[in-house]
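Structure first, then comments.
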Amino acid sequence: MKPTLKIATGAAVLSMLMGTTALAENLKIGMVVTLSGPPAALGQQIVDGFQLALDEKGGMLGGQAVDLIVEDDELKPDVALLKATSLIEREEVDFVVGTVFSNMLQAIFKPIVESETFLISPNAGPSTFAGNNCNPYFFVTSYQNNQNAEVSGMVANEEGFENVFVMAPNYQAGRDNVEGFNKTFEGTVTDEVFTPLGHQDFSAELARMSTSGADAVFTFMPGGMGVRLVGQFDGAGLKDSMKFMSVFTTDETTLPGQKDAAVGFLAAGNWAPDMDNEANNAFVSAFEEKYGYIPGGYAMQAYDTANLIDSAVAATGGSLEDKDAVRAALKAADFTSVRGDFSFNNNHYPVQDFHALTVVKRDDGKFHTSFVRTVVEDYADSFASECGM
Amino acid sequence: MSLTLFLILCLNGLQYGLLLFLIAAGLTLVFGVMGFINLAHGVQYMVGAYLIFAFTGLTGSFWLALVLSLITALLIGLLLEYVVFRHLYSRSHLDQVLATFGIIIFLNELAKVLFGPATLSIDTPELLSGSIQLTEQLRYPVYRLVTIGVGLVVAVGLFLTISYTRTGMLIRAGSTTPEMVSALGVNVKQLFQIVFGVGAMLAGFAGVIAAPIFAIEPGMGDNILIIAFVVIIIGGVGSIGGAFVAAILVGLIDTLGRSLVTEALGLVFNASMANQIGPALASMLIYILMAAILVFRPKGLLPAKGAT
Numbered sequence: 001m002k003p004t005l006k007i008a009t010g011a012a013v014l015s016m017l018m019g020t021t022a023l024a025e026n027l028k029i030g031m032v033v034t035l036s037g038p039p040a041a042l043g044q045q046i047v048d049g050f051q052l053a054l055d056e057k058g059g060m061l062g063g064q065a066v067d068l069i070v071e072d073d074e075l076k077p078d079v080a081l082l083k084a085t086s087l088i089e090r091e092e093v094d095f096v097v098g099t100v101f102s103n104m105l106q107a108i109f110k111p112i113v114e115s116e117t118f119l120i121s122p123n124a125g126p127s128t129f130a131g132n133n134c135n136p137y138f139f140v141t142s143y144q145n146n147q148n149a150e151v152s153g154m155v156a157n158e159e160g161f162e163n164v165f166v167m168a169p170n171y172q173a174g175r176d177n178v179e180g181f182n183k184t185f186e187g188t189v190t191d192e193v194f195t196p197l198g199h200q201d202f203s204a205e206l207a208r209m210s211t212s213g214a215d216a217v218f219t220f221m222p223g224g225m226g227v228r229l230v231g232q233f234d235g236a237g238l239k240d241s242m243k244f245m246s247v248f249t250t251d252e253t254t255l256p257g258q259k260d261a262a263v264g265f266l267a268a269g270n271w272a273p274d275m276d277n278e279a280n281n282a283f284v285s286a287f288e289e290k291y292g293y294i295p296g297g298y299a300m301q302a303y304d305t306a307n308l309i310d311s312a313v314a315a316t317g318g319s320l321e322d323k324d325a326v327r328a329a330l331k332a333a334d335f336t337s338v339r340g341d342f343s344f345n346n347n348h349y350p351v352q353d354f355h356a357l358t359v360v361k362r363d364d365g366k367f368h369t370s371f372v373r374t375v376v377e378d379y380a381d382s383f384a385s386e387c388g389m
Numbered sequence: 001m002s003l004t005l006f007l008i009l010c011l012n013g014l015q016y017g018l019l020l021f022l023i024a025a026g027l028t029l030v031f032g033v034m035g036f037i038n039l040a041h042g043v044q045y046m047v048g049a050y051l052i053f054a055f056t057g058l059t060g061s062f063w064l065a066l067v068l069s070l071i072t073a074l075l076i077g078l079l080l081e082y083v084v085f086r087h088l089y090s091r092s093h094l095d096q097v098l099a100t101f102g103i104i105i106f107l108n109e110l111a112k113v114l115f116g117p118a119t120l121s122i123d124t125p126e127l128l129s130g131s132i133q134l135t136e137q138l139r140y141p142v143y144r145l146v147t148i149g150v151g152l153v154v155a156v157g158l159f160l161t162i163s164y165t166r167t168g169m170l171i172r173a174g175s176t177t178p179e180m181v182s183a184l185g186v187n188v189k190q191l192f193q194i195v196f197g198v199g200a201m202l203a204g205f206a207g208v209i210a211a212p213i214f215a216i217e218p219g220m221g222d223n224i225l226i227i228a229f230v231v232i233i234i235g236g237v238g239s240i241g242g243a244f245v246a247a248i249l250v251g252l253i254d255t256l257g258r259s260l261v262t263e264a265l266g267l268v269f270n271a272s273m274a275n276q277i278g279p280a281l282a283s284m285l286i287y288i289l290m291a292a293i294l295v296f297r298p299k300g301l302l303p304a305k306g307a308t
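Protein chains in written order, with the UniProt record's numbering: chain S, 1 to 389; chain X, 1 to 308.
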């Protein structure tokens with residue numbers, strides 16, 4: 001091949017490549033979630049929930065075809081950072097949706113918001129970005145991490161528990177949840193026990209529990225820890241002598257492993273699969289039909305996130321260049337949340353109702369959390385006042 | 001802390017220790033006899049747990065599933081030995097580490113593909129599902145008592161086999177001077193295979209026992225492998241007796257430490273301070289013990305006779 005021809009071909013190829021990029025005006029959404037290791041089930045719920053909303057709208061959000069790029073952060077901050085930077089620099093995504101875990105969010109936060117790309121968290125809601133460090137490019141569609149535990153404290157008051165045994169894993173989220181519970185609980189905390197993260201054998205803690213004389217135990221044991229704790233709690237015969245209440249311990253991701261042992265346990269949350277409203281009924285039945293399992297809060301929040309983006313893109317008429325307009329459209333939260341009332345606070349964290357939940361067994365033998373009563377309406381987090389937005 | 005609570009903690013420590021022993025026994029033999037670093041030993045524990053889950057689902061009976069799981073765990077161990085490990089005995093430790101680490105990744109991912117990433121559980125067998133009333137407030141699950149008994153029986157059986165049978169004698173001899181044993185006409189390859197298969201089966205058995213108490217999830221063997229290495233270093237590499245003593249020691253220290261350290265610190269510091277430091281210090285205890293052993297008795301508490 002002659003050199004000139006080479007150049008000509010090269011140029012042709014180049015122009016074709018550039019042509020395709022110019023043509024593709026698809027909405028690009030990058031997702032950073034945990035899809036490996038034991039917590040992979042949580043990330044999978046987020047992917048499934050988001051995908052369901054996308055499929056229901058024929059693969060379009062706000063009238064634009066969507067390219068969804070899903071990345072696995074492997075629960076390693078450096079990997080999360082790498083994947084997030086590649087999403088904003090190489091893929092030039094319009095939105096980043098992530099993460100499951102707060103420490104992953106902390107890893108990807110800075111480069112994303114500094115590139116003026118909107119970051120929407122479908123689950124992690126750390127206090128770090130709710131107060132002083134709130135950011136115009138950051139939105140949370142789940143909750144602020146402390147809130148569920150704070151509501152648990154209110155539930156404990158309402159149930160009339162006077163002495164509560166509190167237990168959580170020894171890391172930031174564990175301590176946050178204990179702090180949240182103590183903030184609203186008016187009775188006596190008999191013990192505060194911190195276990196190692198990924199704790200296997202709770203027998204020592206269970207023995208302390210049974211001699212503590214507490215009416216109830218409050219705990220935060222996400223994932224496999226929760227499955228082990230609930231099984232061992234049941235095995236030790238404690239179910240008859242004390243109440244069990246928790247956050248992120250008996251949810252739709254762990255109940256398939258906990259089964260009957262968890263029935264009747266109390267929880268607090270912003271949603272339950274059987275909450276009776278039209279949007280929610282449609283979401284849960286469509287989700288179950290498509291994926292064969294009952295969605296948990298993670299899937300619900302991801303579904304809402306997709307609908308939020310849909311509403312924002314539609315409101316701006318598809319022009320995402322004007323960041324202020326996009327932000328205003330997101331902030332308006334002009335979509336039907338399956339959990340009912342939903343709006344954003346000044347710090348872009350949600351203002352929503354929180355409920356007391358309990359674990360039930362459905363007629364077909366599957367388990368899920370069930371709505372009992374609304375504990376607090378339009379509950380905002382306590383950091384919003386520190387946010388200057 | 002009441003005396004009953006202390007006794008319960010001791011029982012729990014004993015139970016945890018015996019579980020560790022089942023895993024460490026195979027590891028110490030494979031490491032001691034063959035000089036082979038098998039990181040994939042922990043994954044055999046996970047395999048055992050998934051096997052009992054799958055077979056309980058298929059057969060509906062825990063006991064039938066138990067038998068099937070043990071046989072399958074043995075077969076998987078032999079298969080791995082035949083396909084992978086056999087080719088690594090003469091290679092450097094680094095090669096062994098790399099290859100067996102690959103097996104961990106492969107089997108963890110395979111478990112995820114076959115059973116999904118979510119945490120699974122199986123019910124305690126009906127016969128053992130009750131709990132015994134120890135005092136007015138304290139109940140202790142029957143299943144845990146039974147696991148203590150079973151663990152002790154296996155330990156005694158293993159000790160007798162190693163000490164008094166011909167195979168045991170060959171294993172002991174092979175662990176110190178494999179060349180000499182081979183020169184005397186013993187089929188060392190076959191001996192290794194037996195040790196390997198039994199080791200894998202014991203780890204699988206530990207997984208089976210653990211399944212109803214702890215949850216079943218991909219990667220569940222990774223942490224316990226580290227503890228098992230701590231156990232064989234404390235006990236002395238290649239020594240079954242050492243593994244037993246060290247496993248019980250580690251089990252008791254870990255379990256008692258978690259409650260006692262925080263309480264003890266509570267006497268010195270205020271409660272919240274003790275709550276901050278206690279859990280962190282408690283989870284370090286066994287590593288501190290290991291470090292101390294490495295400094296003062298580098299060959300372990302009960303080193304294998306003639307080990308170099």
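Backbone N, C-alpha and C define an ideal beta-carbon position, used for all residues, glycine too.
- DSSP assignment within the region 116 to 200 of chain S yields the following whole beta strand (DSSP E) runs of 3 residues or more, N-terminal first: 118 to 121, 138 to 140, 163 to 169, 188 to 195.
- Short of 6 angstroms from the beta carbon of X/Thr-161, and not among the five residues preceding or following it, lie these beta carbons of its own chain, in chain order: Gly-168.
- Put simply, the region 94 to 101 of chain X does not touch the region 216 to 233 of chain X. Fewer than three CB pairs are less than 8 angstroms apart.
- Taking S/Glu-321 as reference, the option from S/Val-155, S/Gln-51, S/Glu-116, S/Gly-63 with the minimal CA-CA separation is S/Glu-116.
- Taking every protein chain shown into account, the CB of X/Asn-108 has 16 or more other CB atoms within 10 angstroms, so this residue is buried.
- DSSP places S/Phe-371 in the strand class (E or B) of the three-state scheme.
- Under the Cβ distance rule, X/Ile-52 does not count among the residues neighbouring chain S, no pair being separated by less than 8 angstroms.
- CA-CA distance, X/Ala-291 to X/Ile-227, rounds to 13 angstroms.
- By a beta-carbon distance limit of 8 angstroms, X/Ala-111 does not contact X/Ala-247. Their separation comes to about 25 angstroms.
- Here X/Ile-105 is exposed: its Cβ has fewer than 16 other Cβ atoms, across all protein chains shown, within 10 Å.
- Contacts with chain X (Cβ-Cβ distance below 7 angstroms) from the region 155 to 168 of chain S involve no residue at all.
- Contact fails between the region 207 to 225 of chain S and the region 198 to 205 of chain X, because fewer than three Cβ pairs, one in each stretch, are under 8 angstroms apart.
- For S/Gly-98, the enclosing beta strand (DSSP E) has its first and last residue at 95 to 98.
- If you draw a straight line from the Cα of X/Leu-265 to the Cα of X/Ala-274, it is about 5 angstroms long.
- Ranked by Cα distance from X/Gly-102, the first of X/Phe-159, X/Leu-39, X/Ser-61 is X/Leu-39.
- Cβ atoms of S/Phe-354 and S/Gly-297 stay farther apart than 8 angstroms, at about 12 angstroms.
- As for any alpha helix (DSSP H) of minimum length 4 sitting wholly inside the region 29 to 66 of chain X, the runs are 41 to 59, ordered along the chain.
- Taking 8 angstroms as the upper bound for CB-CB distance, S/Met-300 and S/Val-360 are not in contact here, some 17 angstroms apart.
- Within the region 269 to 288 of chain X, the residues whose Cβ lies closer than 9 angstroms to some Cβ of chain S are Ala-271, Ser-272, Asn-275, Gln-276, Gly-278, Pro-279, Ala-280, Ala-282, Ser-283, listed in chain order.
- With respect to chain S, the C-beta atom of X/Ala-215 has a partner C-beta closer than 8 angstroms.
- Residue environment analysis places S/His-348 among the buried positions, since at least 16 neighbouring C-beta atoms fall within 10 angstroms of its C-beta.
- DSSP places X/Met-201 in the uninterrupted alpha helix (DSSP H) bounded by 188 to 210.
- Using beta-carbon distances, X/Arg-297 does not count as an interface residue toward chain S, since no partner is under 8 angstroms.
- Under a criterion of Cβ atoms nearer than 9 angstroms, the residues of chain X adjacent to S/Glu-192 are, in order, Ala-271, Ser-272, Asn-275.
- X/Gly-60 sits exposed, since fewer than 16 C-beta atoms from the chains shown fall within 10 Å of its C-beta.
- Taking all protein chains shown into account, S/Ala-356 has 16 or more neighbouring C-beta atoms within 10 Å of its C-beta and is therefore buried.
- X/Ile-253 has a beta carbon lying at 8 angstroms or more from every beta carbon in chain S.
- Contact annotation: in the region 252 to 269 of chain S, residues whose CB is within less than 8 angstroms of a CB in chain X are Thr-253, Thr-254, Pro-256, Gly-257, Gln-258, Lys-259.
- Considered as a whole, the region 71 to 120 of chain X harbours 93 to 115 as its complete alpha helix (DSSP H) runs of no fewer than 4 residues, in chain order.
- Distance between S/Tyr-143 and S/Trp-271, taken at the CA atoms: about 11 angstroms.
- For X/Tyr-143, the closest Cβ of chain S is nearer than 8 angstroms.
- With contacts defined by Cβ atoms closer than 8 angstroms, X/Ile-132 and X/Val-146 do not form a contacting pair.
- Annotation: the continuous beta strand (DSSP E) that includes X/Ile-132 extends over 131 to 133.
- Excluding the 5 residues flanking it on each side, S/Glu-377 has same chain C-beta neighbours closer than 7 angstroms at Asp-353, in chain order.
- Legend: CB atoms of the region 106 to 118 of chain X lying less than 8 angstroms from CB atoms of chain S belong to residues Lys-112, Gly-116, Pro-117, Ala-118.
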